[in-house]
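One line per chain: the protein sequences are A and B, in this order. According to the working numbering, the residues represented by the first sequence are 1 to 285, in order. According to the working numbering, the residues represented by the second sequence are 286 to 515, in order.
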Amino acid sequence: MRLTVREALRSFRRAPVLSLLAVTTIGFALFVLGLFGLVALNLRATLSGLAERVEIVLYVTRGTPVEIVTIAIGDIQAFPEVDEVEYVTEDQALERARQELTEFQGVYSDLETNPLPASLEIRLKPGFRDNEHVTAVAERLQGFRFAEDVRYGGDWVEKLDRLRSIAAAVGLVIGAAFGAAAVIIIGTTIRMTVLARGREIQLMRLVGATDGFIRRPFLLEGAIKGALGGALALVLNYVAYAAVSRALFEAAFFSAGQAAAFLLFGTLLGLAASAASVNRHLPAT
Amino acid sequence: MIRFSKVFKAFTKDSLALKDISFRIARGEFVFFTGHSGAGKSTVLRLIYADEPPTSGTVWVLGSHMHEVSRREIAGLRRRMGIVFQDFRLLEERTAEENVAFALEVTGARHNAISPKVMRVLTQVGLAAKAHAYPRELSGGEQQRVAIARALVNDPVVIIADEPTGNLDERATRGVVQLLRDINAMGTAVIMATHDLSIVRPTSYRTVELQDGAIVFDSGEGQVPMTSGA
Ligand SMILES: Nc1ncnc2c1ncn2[C@@H]1O[C@H](COP(=O)(O)OP(=O)(O)O)[C@@H](O)[C@H]1O
Ligand SMILES: [Mg+2]
Numbered sequence: 001m002r003l004t005v006r007e008a009l010r011s012f013r014r015a016p017v018l019s020l021l022a023v024t025t026i027g028f029a030l031f032v033l034g035l036f037g038l039v040a041l042n043l044r045a046t047l048s049g050l051a052e053r054v055e056i057v058l059y060v061t062r063g064t065p066v067e068i069v070t071i072a073i074g075d076i077q078a079f080p081e082v083d084e085v086e087y088v089t090e091d092q093a094l095e096r097a098r099q100e101l102t103e104f105q106g107v108y109s110d111l112e113t114n115p116l117p118a119s120l121e122i123r124l125k126p127g128f129r130d131n132e133h134v135t136a137v138a139e140r141l142q143g144f145r146f147a148e149d150v151r152y153g154g155d156w157v158e159k160l161d162r163l164r165s166i167a168a169a170v171g172l173v174i175g176a177a178f179g180a181a182a183v184i185i186i187g188t189t190i191r192m193t194v195l196a197r198g199r200e201i202q203l204m205r206l207v208g209a210t211d212g213f214i215r216r217p218f219l220l221e222g223a224i225k226g227a228l229g230g231a232l233a234l235v236l237n238y239v240a241y242a243a244v245s246r247a248l249f250e251a252a253f254f255s256a257g258q259a260a261a262f263l264l265f266g267t268l269l270g271l272a273a274s275a276a277s278v279n280r281h282l283p284a285t
Numbered sequence: 286m287i288r289f290s291k292v293f294k295a296f297t298k299d300s301l302a303l304k305d306i307s308f309r310i311a312r313g314e315f316v317f318f319t320g321h322s323g324a325g326k327s328t329v330l331r332l333i334y335a336d337e338p339p340t341s342g343t344v345w346v347l348g349s350h351m352h353e354v355s356r357r358e359i360a361g362l363r364r365r366m367g368i369v370f371q372d373f374r375l376l377e378e379r380t381a382e383e384n385v386a387f388a389l390e391v392t393g394a395r396h397n398a399i400s401p402k403v404m405r406v407l408t409q410v411g412l413a414a415k416a417h418a419y420p421r422e423l424s425g426g427e428q429q430r431v432a433i434a435r436a437l438v439n440d441p442v443v444i445i446a447d448e449p450t451g452n453l454d455e456r457a458t459r460g461v462v463q464l465l466r467d468i469n470a471m472g473t474a475v476i477m478a479t480h481d482l483s484i485v486r487p488t489s490y491r492t493v494e495l496q497d498g499a500i501v502f503d504s505g506e507g508q509v510p511m512t513s514g515a
């Protein structure tokens with residue numbers, strides 16, 4: 001065990017520049033991945049907030065008896081997609097308009113007759129807040145005879161959603177490119193170490209060290225580099241997050257679990273890179 | 286303990302390094318392999334420590350059939366052997382003590398079990414006082430003693446030495462040979478390859494002579510020493 005640790009650390013001293021390079025490339029690979037991860041994370045947070053507000057508004061034809069609307073509310077509430085239905089009377093609509101549209105307060109208070117129609121505000125259950133379901137429900141609502149107009153705003157939600165997928169894909173591609181570079185650099189460091197330690201490795205074999213034992217320092221070395229890279233990436237991501245939060249808007253950062261997964265991913269990346277390389281470069285006897 | 290039966294070894298298509306080699310070596314035996322350079326001595330030893338497989342024929346070592354051993358089994362076998370080379374093969378950046386400890390460390394020995402064992406074998410080869418010296422600070426004879434200590438530290442059944450005195454002067458040679466004899470006297474088998482007949486002649490140990498990859502003389506199996514001169 002001591003030997004394993006000592007040898008793993010020795011390689012950092014033997015090739016400090018290359019080791020640093022390996023750590024920083026892994027760091028940048030994961031930084032880019034993390035950056036797009038943060039973008040996706042924040043978009044999703046924003047989207048789910050917006051999605052909650054998605055509602056369909058049915059404007060009731062003027063003069064429709066309240067009983068008819070009440071019965072319709074019961075029917076609509078029975079739709080499997082529907083979470084709740086709110087009835088906004090003409091007076092309530094006017095009251096809201098007065099409160100929200102302060103610029104026009106004068107206009108509304110001068111009115112003799114209320115120009116605003118009554119409406120039903122329909123909110124869907126969480127699993128149905130996408131464009132497809134919203135459209136389907138809206139079409140069904142149009143079937144009510146008293147429906148003057150049905151409005152909904154699902155399109156831009158879908159656009160944002162697509163933006164999120166694109167951000168994630170771009171992050172993945174760029175991150176993968178950096179990741180590949182990191183794997184190559186780790187491979188190079190290991191080949192150098194194998195060359196530098198060739199005599200020693202041969203000797204280890206002669207005194208009866210198993211292949212597993214001989215590989216272990218290399219694997220540890222790779223794992224350490226990966227973990228350091230992961231930590232570097234987390235720090236960089238935090239810096240980016242803090243800058244955005246201060247200058248632009250209140251953003252969200254990774255949870256502790258996500259940060260830990262990030263470090264673990266870096267460690268596994270380093271481990272995998274060194275495992276692949278050590279199998280290729282270790283002399284056979 | 287070791288048995289070769291009709292062993293052939295070819296490194297290249299058109300030449301045989303070993304031709305029809307058969308012999309047995311018993312536990313505790315001391316055997317010299319002699320012959321000119323290129324006769325096949327090192328190849329015989331390499332087949333014993335599984336550095337190379339035989340091309341044909343069978344090689345048994347410590348109960349394993351060398352045709353079908355796994356790499357893991359080879360590692361296990363080598364822990365029961367001590368291998369010594371002409372060029373010592375010490376690690377330059379480690380002290381004598383660390384070089385010996387290396388053989389224990391890489392086999393996963395417990396850390397606090399290592400130091401006493403290392404000191405015991407360094408004492409056995411007469412180098413306890415130079416435990417902290419680096420190879421470059423030691424004479425050739427002393428370096429070879431460190432290598433022998435490293436070979437001994439796993440309590441091997443057999444020491445395999447390929448021209449261990451090839452780089453040593455006459456005095457150091459005598460010392461190393463005497464050390465190997467002492468080790469053998471305590472029950473460890475010794476198999477030593479040498480082209481130096483002045484080492485072999487004064488002893489009465491079994492001698493196997495190779496010539497162009499074939500055995501041309503074998504003084505006999507399990508021979509009882511008749512003289513004890515150095
Ligand atoms: N790895 C190898 N590749 C090709 N030929 C080899 C190899 N090792 C040994 N030989 C050949 O096998 C023969 C025996 O060599 P070796 O066993 O080293 O002899 P010795 O130790 O008696 O000097 C020689 O002809 C040598 O050239
Ligand atoms: Mg030789």
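All residues carry an ideal CB built from backbone N, CA and C; glycine is no exception. The structure presented is a predicted model; accordingly, all values stated were derived computationally and were not measured.
Item, Value
"Amino acids of chain B, ordered along the chain, whose beta-carbon sits closer than 8 angstroms to that of D211/A", "R356, R357, A360"
"Nearest candidate by alpha-carbon position, reference F12/A, set D211/A, Q142/A, P217/A, A243/A", "P217/A"
"Closer than 5 angstroms: residues whose CB approaches a heavy atom of ligand 1", "F296/B, A302/B, S322/B, G323/B, A324/B, G325/B, K326/B, S327/B, T328/B"
"Beta-carbon contacts of E289/A that lie in its chain and below 7 angstroms, excluding the five residues immediately before and after", "Outside the shown range of chain A, which is 1 to 285, sits residue 289/A, and nothing can be said about it."
"Proximity of L30/A and G229/A at Cβ, strictly below 8 angstroms", "yes"
"Backbone secondary structure at E455/B - three-state DSSP", "helix"
"Cβ neighbour criterion (16 or more within 10 Å) applied to R280/A", "exposed"
"Beta carbon of V462/B nearer than 8 angstroms to that of I484/B", "yes"
"CB contact check: V369/B to chain A, cutoff 8 angstroms", "no"
"Given 8 angstroms, three or more beta-carbon pairs between the stretch 15-35 of chain A and the stretch 171-183 of chain A", "yes"
"D372/B: CB within 7 angstroms of a non-hydrogen atom of ligand 2", "no"
"Near ligand 2: A446/B beta-carbon under 7 angstroms from a heavy atom", "no"
"Where G367/B sits in the DSSP three-state scheme", "strand"
"Local Cβ density within 10 Å of L220/A, reported as buried at 16 or more and exposed below that", "buried"
"Supposed close pair L58/A, V150/A - CB separation, criterion 8 angstroms", "5 angstroms"
"Residues from the stretch 376-395 of chain B in contact with chain A, defined by Cβ distance under 8 angstroms", "L376, F387, A388, E390, V391, T392, G393"
"A276/A CB to nearest heavy atom of ligand 2 below 7 angstroms", "no"
"Candidates T193/A, P126/A, F146/A: closest to E81/A by CA position", "P126/A"
"CB contact check: L172/A to chain B, cutoff 8 angstroms", "no"
"DSSP-derived helix/strand/coil call for M404/B", "helix"
"Buried or exposed (CB count within 10 angstroms, at least 16 for buried), V66/A", "exposed"
"Which of helix, strand or coil DSSP assigns to H281/A", "helix"
"Residue span of the alpha helix (DSSP H) that contains G226/A, given as start and end", "211-247"
"Start-to-end residues for the beta strand (DSSP E) that takes in M477/B", "474-478"
"Same chain only: Cβ atoms within 6 angstroms of S340/B, ignoring 5 sequence neighbours per side", "Residue 340/B is actually Thr in this sequence, not Ser. F293, K294, A295."
"Of the residues T458/B, R365/B, R405/B, E377/B, the one placed nearest Y419/B, counting alpha carbons only", "E377/B"
"Nearest-angstrom Cα separation, counted from L94/A out to A72/A", "23 angstroms"
"Cβ-based burial, I444/B [other Cβ within 10 Å; buried from 16]", "buried"
"Anticipated Cβ contact below 8 angstroms, V344/B with F289/B, distance rounded", "6 angstroms"
"Straight-line gap, V207/A to A231/A (C-alpha atoms, nearest Å)", "38 angstroms"
"Under the three-state DSSP convention, the category V501/B falls into", "strand"
"Contacts that E200/A makes with chain B (C-beta to C-beta distance below 9 angstroms)", "L376, F387"
"Interface partners of R363/B on chain A, CB under 9 angstroms", "R205, L206, V207, G208, A209"
"F128/A in three-state terms, based on DSSP", "helix"
"Buried versus exposed call for Q429/B [16 or more other C-beta atoms within 10 Å across all chains shown]", "buried"
"Under the three-state DSSP convention, the category E84/A falls into", "strand"
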